[in-house]
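J.: Pasting a structure below so you can have a look.
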Amino acid sequence: MKSIVIVLKAIMRALANLCKLFWNNKVGYLVFILKKEFITQLRKGEFHSFGKGSLLGIDSIILKAKYISIGINSSFGNRMTLTCYDSIQTPDQIEYYTPSITIGDGVSIGEDAHITCINKIVIGNNVLMGKKVLITDNAHGSSKLDVLDIAPMSRPLYSKGPVVIEDNVWIGEKASIMPGVHIGKSAIIGANAVVTKDVPSYTVVGGIPAKIIKKVNK
Amino acid sequence: MKSIVIVLKAIMRALANLCKLFWNNKVGYLVFILKKEFITQLRKGEFHSFGKGSLLGIDSIILKAKYISIGINSSFGNRMTLTCYDSIQTPDQIEYYTPSITIGDGVSIGEDAHITCINKIVIGNNVLMGKKVLITDNAHGSSKLDVLDIAPMSRPLYSKGPVVIEDNVWIGEKASIMPGVHIGKSAIIGANAVVTKDVPSYTVVGGIPAKIIKKVNK
Amino acid sequence: MKSIVIVLKAIMRALANLCKLFWNNKVGYLVFILKKEFITQLRKGEFHSFGKGSLLGIDSIILKAKYISIGINSSFGNRMTLTCYDSIQTPDQIEYYTPSITIGDGVSIGEDAHITCINKIVIGNNVLMGKKVLITDNAHGSSKLDVLDIAPMSRPLYSKGPVVIEDNVWIGEKASIMPGVHIGKSAIIGANAVVTKDVPSYTVVGGIPAKIIKKVNK
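Chains as they are written, first to last, in the working numbering: chain A, 1 to 218; chain B, 1001 to 1218; chain C, 2001 to 2218.
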């Protein structure tokens, strides 16, 4: 077994050295961009609107894109989950929703983002997000007693309210933006923060739940 | 160089348009499900038991599945790390463990989950987890002085106790469930929370370390 | 449609059973290692130095590796983002930086890590990181008023100071290490913590911002 591994490793090394003849940073970057170009061209027709110069990521899960509008020059990291739900079958009935996601111009969404909507999510222009950010306008049911005795997946989805993120907001890595939240212009959301309440413009927040760390006076 | 990129982009676009003839949301979903079906059929035999209707995710790292039991109709997101360790070689000796993971029926585990076990992890029926959740019953050594002078990877794994998650628990995105914790029925764990102590049934917790936000009285 | 799905699923099952003849845990592990071997051989030449026995992960984004030194026997999880920036074009001008990342021997970096540098990041020997860890020595601009009115992506990158992580530090899953931070020898950083200030040696910290939970006296 060990000698097979050694032989296979040597083959790998030879293969890698062969590939190196055609490979360098620029080729890698080109392949990266072309993959994004391909997936964008393949799927952009599904969206309500999809602006020029915007690029989707690879290995993404995109559901019901017909409810999603994307501006120009916005970019999306790989492995994004971007989902709208217009109906959910619970054991008792079908629930209907009217979702809408609007993403502005020049928005940059990092890898492994998760944006999920049954109501309304608005992301302004030039919003910048780190990796692994969650934005949701809904939850699996309220926390009332009769709901808690149901399996979470069978609880009807519930939206406390729309999420609005204004222009120039910068959202740190692994932050979570919860339902019903309004984040004002040029706010900064710290890494790993959980935003459960409105954030005023020109404010830095952090923590769980996110609290104001700094206000920048005009 | 720039003109090569333009030509390659045009080729990508043509290729994407060709693929569009055969592609739509339903085809995408079908490919997604068939990939999961394939990986499930390939690997389910490794598990101690694997219930009907359960589906593994793609690009997962699964180690020592013979210690893992999975109920019916449970689903796993992509890029999951699901690991049991029955022995670890430290510089001085080999440590042995008797791991066991039991996952119930109708459980839904989100993308990028990490579940790792040397002792015992029990996940009840209909537990719902967001993405990027960690559940661990072990740590790389205690925090005693003689241990801290060893490289963390060489510290013997240490379990403070089993992790038990009862039925209908809902675990928010990016939450971490730490060793020795018991989470009662129908509890809700907030996004990005770190659960270090027991959580009573019908309770909502959040923060680091997770504290009770709401108790729902029976 | 439904019958097509049933037929396709049956084909998948047959295919999986065929693959099973050649597949088992050891084969899976071998494929995993060989993929890492290949990508390592392909890209190690780009680094300033790359020690023997170190292995890169799959599906990683690595930029300007010429500023990165890696010791021996260090391993990197899949889907890592490891980036140095030596210049950034803002709307007004080009900003120049002199980045340098030094990673020691026996370091283990988990899946989905994000390490990004414009100044200096030093990671000592035998540092162990969980998955989804962020280490950054820079931010998109300060939080001054005139900066906040610019789009975050156009704000000049700003480093509060280098990040230094000493030997034997253990960084928990989903933790974020922020600019200008010095983490002393054998410290333990809790899961989901955000480290914004220096951490003394032989100390356990947790929370947002990370605070001392335990000091281990010598």
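A virtual CB, placed ideally from N, CA and C, is assigned to each residue, including glycine.
Nearer than 7 Å: is that true of the beta carbon of residue 25 of chain A relative to any heavy atom of the ligand PLP?
T.: Absent from the structure shown: the ligand PLP. Ligands present: none.
J.: Do you know how far the Cα of residue 56 of chain A is from the Cα of residue 2098 of chain C?
T.: So the two alpha carbons sit approximately 31 Å from each other.
J.: Taking a contact to mean a Cβ-Cβ separation below 8 Å, would you say residue 1058 of chain B touches residue 1035 of chain B in this structure?
T.: Closer than 8 Å, so yes.
J.: Closer than 9 Å, Cβ to any Cβ of chain C: which residues of the region 1173-1189 of chain B, in chain order?
T.: Correct list: 1174, 1175, 1176 and 1178.
J.: Taking residue 268 of chain A and residue 205 of chain A to be in contact with their CB atoms under 8 Å, please state how far apart those CB atoms are, rounded to whole angstroms.
T.: Only positions 1 to 218 of chain A appear in this structure, which leaves residue 268 of chain A out of reach.
J.: In the DSSP output, which residue or residues are listed as bridge partners for residue 1069 of chain B?
T.: Residue 1069 of chain B pairs with B/1049 and B/1102.
J.: For a test of the three-state rule: what should DSSP assign to residue 37 of chain A, helix, strand or coil?
T.: In this structure, residue 37 of chain A counts as helix in the three-state DSSP scheme.
J.: Report the rounded CA-to-CA distance for residue 100 of chain A versus residue 62 of chain A, giving the unit in angstroms.
T.: Between residue 100 of chain A and residue 62 of chain A, the C-alpha separation is close to 14 Å.
J.: Give a yes or no on whether the minimum CB-CB distance between residue 2192 of chain C and chain A is below 8 Å.
T.: For residue 2192 of chain C, the answer is yes, since a Cβ of chain A falls inside 8 Å of its Cβ.
J.: Please name the residue, chosen from A/121, A/109, A/90 and A/202, that lies closest to residue 2147 of chain C on a Cα-to-Cα basis.
T.: Nearest of A/121, A/109, A/90 and A/202 to residue 2147 of chain C, Cα basis: A/202.
J.: Need the endpoints of the alpha helix (DSSP H) that residue 2082 of chain C sits in, please.
T.: Here residue 2082 of chain C belongs to no alpha helix (DSSP H); instead the beta strand (DSSP E) covers 2081-2084.
J.: How about residue 140 of chain A and residue 129 of chain A: do their beta carbons lie closer than 8 Å?
T.: The answer is no: Cβ separation not under 8 Å.
J.: Nearest chain B C-beta to residue 2008 of chain C closer than 8 Å, yes or no?
T.: Yes - at least one Cβ of chain B is within 8 Å of the one on residue 2008 of chain C.
J.: Is it buried or exposed, residue 2200 of chain C, if we count other Cβ atoms within 10 angstroms and call 16 or more buried?
T.: With fewer than 16 Cβ atoms within 10 Å of its Cβ, residue 2200 of chain C is classed as exposed.
J.: Note down the Cα distance separating residue 1048 of chain B from residue 2080 of chain C, rounded to an integer number of angstroms.
T.: When rounded, the distance between both Cα atoms is 32 Å.
J.: Using CA atoms only, rank isn't needed, just tell me which of C/2076, C/2213, C/2024 and C/2038 is closest to residue 2127 of chain C.
T.: Checking every option, the nearest Cα to that of residue 2127 of chain C belongs to C/2076.
J.: Considering only residues of the region 1130-1186 of chain B, which uninterrupted beta strand (DSSP E) runs meet the minimum length of 3 residues and lie entirely inside it, listed in chain order?
T.: The qualifying runs are 1134-1136 and 1163-1165.
J.: Under DSSP, the beta strand (DSSP E) around residue 1215 of chain B begins and ends at which residues?
T.: 1211-1215 is the extent of the beta strand (DSSP E) around residue 1215 of chain B.
J.: If we call anything under 8 Å between Cβ atoms a contact, is residue 2060 of chain C one with residue 2074 of chain C?
T.: No, the pair does not count as a contact, with Cβ atoms beyond the cut-off.
J.: For the candidate residues B/1020, B/1023, B/1138 and B/1072, whose alpha-carbon lies nearest to that of residue 1083 of chain B?
T.: The shortest Cα separation from residue 1083 of chain B among B/1020, B/1023, B/1138 and B/1072 belongs to B/1138.
J.: Just grab the DSSP bridge partners of residue 1089 of chain B for me.
T.: Partner(s): B/1094.
J.: Let me know the secondary structure DSSP gives residue 76 of chain A once reduced to three states.
T.: Residue state, collapsed to three classes: strand.
J.: Please list, in chain order, the chain A residues whose beta carbon lies closer than 8 Å to that of residue 1072 of chain B.
T.: Result: empty, since nearest Cβ-Cβ is about 13 Å, beyond 8 Å.
J.: Which value, in whole angstroms, describes the spacing of the CA atoms of residue 2028 of chain C and residue 183 of chain A?
T.: Whole-angstrom Cα-Cα distance: 46 Å.
J.: In chain B, which residues lie less than 9 Å from residue 2112 of chain C when you measure between Cβ atoms?
T.: Under the 9 Å cutoff, chain B gives 1079, 1112 and 1132.
J.: Strictly under 8 Å for the Cβ-Cβ distance: is residue 2095 of chain C near chain A by that measure?
T.: Closer than 8 Å: no.
J.: With a CB to CB cut of under 8 Å and the five nearest residues on each side skipped, what residues in its chain are close to residue 208 of chain A?
T.: Cβ within range, chain order: 192, 193 and 194.
J.: Under a three-way DSSP split, which group does residue 31 of chain A fall into?
T.: Reduced to three states, the DSSP call for residue 31 of chain A is helix.
J.: Using a threshold of 8 Å, state whether the C-beta atoms of residue 1041 of chain B and residue 2012 of chain C are closer than that.
T.: It is a contact, given that the beta carbons lie within the stated cut-off.
J.: Are any of the Cβ atoms in chain C nearer than 8 Å to that of residue 56 of chain A?
T.: For residue 56 of chain A, the answer is no, since every Cβ of chain C falls outside 8 Å of its Cβ.
J.: Does residue 8 of chain A come out as helix, strand or coil in the three-state DSSP assignment?
T.: Residue state, collapsed to three classes: helix.
J.: In this structure, how does DSSP classify residue 2021 of chain C when only helix, strand and coil are distinguished?
T.: DSSP places residue 2021 of chain C in coil when its eight states are reduced to three.
J.: List, in order along the chain, the chain A residues whose C-beta lies closer than 7 Å to that of residue 2140 of chain C?
T.: Within 7 Å Cβ-Cβ: 128 and 170.
J.: At the 8 Å Cβ level, is residue 1199 of chain B part of the contact set with chain A, yes or no?
T.: It does not: the Cβ of residue 1199 of chain B has no partner Cβ on chain A nearer than 8 Å.
J.: Starting from the C-beta of residue 166 of chain A, find all residues in its chain whose C-beta is less than 6 Å away, skip the five residues before and the five after it, and write them out in chain order.
T.: These residues qualify, in order along the chain: 124, 184 and 185.
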